[in-house]
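In my numbering, the protein residues as written are 14 to 837.
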């Protein structure tokens, strides 16, 4: 009996098994009792199947046809050095890659969106390729021209996992280039809001230009100022060098320092004074006074101090921005939506960009595809996983006539939908268009730098006015002007502005090595101030794929029956099948003569002349009611019971929650699931602190209520359903098992393996703020020395030139040594 017939008539075979016993009898299946020797795939290193002979080519074993094909292609083009650089560098393909689904790249509108530049003979495109992982990958991708002459050049950004290709569009289309990468196991990830476009930082290059200008000019200004430093007094050269310094300092102040003008202007428009205000004030006063001295008095001015200050400040910004700038923290629903879908026109499929879909269009959604817009199910049975939108972990069964919402993933077979809303008006888009996402949020917590900026500015202006007024009243207007401007120059809080990015930049880098990536330095300060922590449950605290497996059978399965179940689930790539296969790892291999998998329902197969069915209760004919995830078993027409998969707390979570409880922080739990784990969570959360069956709007509203009660809230979640709460909270952390896959908009990305270390990370953030406050206190000593000269009207350029760099160097040293000395 063929496998296709089993897939067409599973109920018929079940009925025959119940009435006639062991039918479909063929030759007895052989069950291996000894553990077979494991053979590693030459291409990817995966274990070759033990129930069948390995695929051998060129005297080398391969786990699948796909891996063998890739090796054959590389061998034919003399590219086997790929295997010399690293052992088993390839990616397991499982089978020959399916490249037909890249047909949407033939659509001219889609190709135009992805191609960066194109003329008749040259086209540039950048793909995001998650499979890049080693030096062999880099070597192979940069030698693609040897596989296909139409590829003229390839550049790989290893950190960002990006491949920039230059190819001839007259010889190869964009689709064919993508198919070439896919056939080698490096499939590009292409989404509606392409990760490659999103990952680029548009402010990075202008900052480098400003830094280069400031460094060049500052160096030359200091060179021309050497005669002044050494006390050499030649009026002609002194005036010439002063003019040259003025010409060099002007672009430094007004181009390299333009960010401070913008920052102060935006702050003043909101009625605030930030830390950049006194810095800009000191820069302008020093520049103006230097210009007056050079043009009117023939002096040297303060251009060396001004240009050096701006250069050091830009170095701090560059260091901070350089730290893991490849991570994207502003991700929305478009980051995981497909770029195109299969639209049905007269029942014929046609690739159509998602952006072109309109109300009334009909589309086809296959197993594993996302629903791009709200639509009415009119053909097929839906098994929709809304976990990414609502947090509910169990797929929902949907019959024809049911409205399906955007963002759901079809876990069953093929279904056809008629769209009832445009993509821009779907439920998912409305969720993302909440005010929490659109408004320009200014953090509720006033930073230490901003507080210093306000009070420090008022204090310095008052002191400068009083000292200047004193000298003016005593009849010394020249000294009054000198004292007034000198105080504004020396008392510039540039040290604080420099210690911030240096100290916190080191903190960002050290935290990132431990799997905790912060959006910017301000997030570290917000973490130090948070007194309330709100956790999402599903996917954040718990993970169903690694939980314990409980066997619930009226009559326990025998060892042979366990082996049968393992052999059957080994044919499936479903997450629960993989988890059950791990649970039954000790069972020996066994042959499956015929099997078929019905997506979203289960698997049926013939093993040792018995029909075995595993899957949902409805599929196998079970009557037991289960909660959570379960696999039910039917052997030879008799329902035996089920395997229950518990949602397990992530590793290290018990210690983490216990540490937070001991620190006195308020803990809350929000979940889109039912309250099945309420009793287990009572150890750390009060009953009134746990809320279940929460919608995304409920989570967002709850965060707002806490903030209204003057709490500083840290929100920790993982999915799109948490995105509103993550954005609204004073600090939002997105937990992910893969930092380069989709995570919602957040202030920080935390690898799931590092979740248990979160209390240590927050303690490190508090230490960083104490270190900055200490460095600011030290800088006040330098300011006191400088102010004593300035108030007396005797501040010379050489004193200013010594005090400013010495103060800056000291703060950089304190920040660097302090952050490195403190262990996380």
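All residues carry an ideal CB built from backbone N, CA and C; glycine is no exception.
Asked	Found
Whether residue 228 touches residue 324 by CB criterion (8 Å)	yes
Residue 366 (DSSP reduced to helix, strand or coil)	strand
Own chain residues within Cβ distance below 8 Å of residue 456, not counting five before or after	Because residue 456 carries a pLDDT of 48, less than 50, the predicted location of this residue cannot be relied on, and the following value inherits that uncertainty. Contacts found: 535, 539, 743.
Alpha-carbon spacing of residue 704 relative to residue 680, whole angstroms	12 Å
Where residue 173 falls: helix, strand or coil (DSSP)	coil
Alpha-carbon to alpha-carbon, residue 766 and residue 636	38 Å
Residue 601, DSSP secondary structure in three states	coil
Segments of 4+ residues assigned as alpha helix (DSSP H) that fall wholly inside the segment 249 to 335	271 to 282, 289 to 305, 316 to 335
Helix, strand or coil at residue 698 according to DSSP, with G and I counted as helix	coil
Backbone secondary structure at residue 156 - three-state DSSP	coil
Alpha helix (DSSP H) segment containing residue 709, residue limits	709 to 721
Sub-8 Å separation of residue 832 and residue 792 beta-carbons	no
Where residue 361 falls: helix, strand or coil (DSSP)	strand
C-alpha distance - residue 655 paired with residue 782, whole-angstrom precision	53 Å
Per-residue DSSP class, three states only, for residue 590	helix
C-beta contact flag for residue 220 and residue 331 at 8 Å	yes
Distance CB(residue 531)-CB(residue 524) smaller than 8 Å	yes
Which residues DSSP lists as bridging residue 574, in chain order	According to DSSP, which records beta bridges pairwise, residue 574 is partnered with nothing at all.
Pairwise C-alpha distance: residue 118 and residue 263	50 Å
CA-to-CA distance, residue 58 to residue 701, given in whole angstroms	50 Å
Option nearest residue 857 by Cα separation, candidates 632, 490, 577, 642	Absent from the structure is residue 857, since the part of the chain shown begins at 14 and ends at 837.
Contact set for residue 834: own chain, Cβ-Cβ below 7 Å, skip 5 residues either direction	none
CB of residue 691 within 8 Å of CB of residue 570, strictly	no
Beta-carbon gap between residue 159 and residue 90 smaller than 8 Å	yes
Residue closest to residue 123, alpha-carbon to alpha-carbon, out of 186, 798, 224	186
For residue 744: DSSP bridge partner residues	727
Span separating the alpha-carbon of residue 623 from that of residue 609	14 Å
Element boundaries [beta strand (DSSP E), containing residue 545]	545 to 549
Residues bridged to residue 167 [DSSP beta-bridge criterion]	178
Nearest to residue 469 (by Cα), restricted to the options 737, 408, 88, 291	291
Residue 371 beta carbon less than 8 Å from that of residue 846	The displayed coordinates of the chain run from 14 to 837. Any statement about residue 846 would go beyond what the structure contains.
C-alpha gap between residue 399 and residue 421, whole angstroms	5 Å
Cβ pair residue 575, residue 589 closer than 8 Å	no
Minimum C-alpha distance to residue 568 - residue among 651, 551, 278, 103	651
Simplified DSSP assignment, three categories, for residue 645	strand
Complete runs of the beta strand (DSSP E) confined to the segment 517 to 541 [at least 3 residues]	529 to 531
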